[in-house]
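> One structure, as structure tokens, below. Some questions next.
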Amino acid sequence: MISVVVPMNRPGGIDVLCSTLREQSHQDFELILVDELRRERHSIPNVGAGGTWHIGPGSKQRWGNYCRALNRGCDYAKGDVLLFVSDYTAFRPDTLARHAQFHATRGPLDVAMGGIDYVALPELHPDFPLH
């Protein structure tokens with residue numbers, strides 16, 4: 004399973020993110036929204052076979068809100084792969100399948116990094132291993 008962790012701290016919807024996640028060919032994922040405005044945001048769609056988790060950022064920590072949100076998302080994640088994205092991310096329909104394929108063929112990794120556009124738009128980055 005892939006855990007998609009999304010730190011959020013601004014008003015507005017996540018319609019594009021959720022819409023493109025619903026269209027994924029690989030549905031074995033969970034969406035973890037770590038939302039600074041959780042108490043004010045009431046309408047969160049459920050996507051993915053693993054469900055959607057809408058949680059608050061937790062207690063204040065000295066390294067700042069963004070890092071706190073990432074760590075909080077990791078605490079809740081059940082996936083073998085953690086994917087950190089912004090709340091305005093739009094995925095191609097095969098993005099999560101490409102991540103699953105990448106990690107399945109490489110074995111255990113501590114970190115694989117790169118902008119989501121490397122996976123979502125391989126024509127812009129032809130040397131990325133998933134193209």
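Here the sequence shown is numbered in this note's numbering, starting from 4 and rising by one per residue. For glycine and all other residues, C-beta sits at the position ideal for the given N, C-alpha and C. Small disclaimer: the values here were computed from a predicted structure and weren't measured.
(1) Run the CB neighbour count on Cys-70, radius 10 Å, all protein chains shown included, and call it buried at 16 or more, exposed below.
(2) Quick one, are the C-beta atoms of Cys-21 and Pro-48 less than 8 angstroms apart?
(3) Can you confirm whether the region 6-20 touches the region 29-39 when touching is taken to mean that 3 or more C-beta pairs between the two stretches lie within less than 8 angstroms?
(4) Report the rounded CA-to-CA distance for Pro-132 versus Phe-105, giving the unit in angstroms.
(5) Give me the residue from Val-50, Gly-59 and Ile-58 with the minimum Cα distance to Leu-24.
(6) When the Cα atoms are used, what is the spatial distance from Arg-75 to Pro-60?
(7) How big is the Cα-Cα spacing for Met-4 and Arg-44?
(8) Provide the residue span of the beta strand (DSSP E) that contains Leu-20, from first to last.
(9) Can you check which of these residues, Arg-109, Arg-101, Gly-110 and Val-19, is closest to His-32 by C-alpha distance?
(10) Which residue marks the beginning of the beta strand (DSSP E) containing Phe-87, and which one marks its end?
(11) Please say whether Val-7 and Leu-86 have beta carbons closer to each other than 8 angstroms?
(12) Out of curiosity, what's the CA-to-CA distance linking Ala-107 and Leu-73?
The short version:
(1) Exposed is the call here.
(2) Result yes, Cβ atoms of Cys-21 and Pro-48 sit closer than 8 angstroms.
(3) The region 29-39 is in contact with the region 6-20.
(4) A caution first: Pro-132 carries a pLDDT of 47, below 50, which makes its placement in the model unreliable, though a value can still be read off. Each residue's Cα considered, the two are about 8 angstroms apart.
(5) Ranking Val-50, Gly-59 and Ile-58 by CA distance to the CA of Leu-24 puts Val-50 first.
(6) Arg-75 and Pro-60: Cα-Cα distance of roughly 6 angstroms.
(7) Straight-line Cα distance between these residues: approximately 27 angstroms.
(8) Per DSSP, Leu-20 belongs to no beta strand (DSSP E); it is in the alpha helix (DSSP H), 18-25.
(9) Looking at the sequence itself, residue 32 is Phe, so the reference to His does not match. Among Arg-109, Arg-101, Gly-110 and Val-19, the Cα nearest to that of Phe-32 belongs to Arg-101.
(10) That run of the beta strand (DSSP E) goes 84-87.
(11) A distance below 8 angstroms separates the beta carbons of Leu-86 and Val-7.
(12) Their Cα atoms are separated by approximately 24 angstroms.
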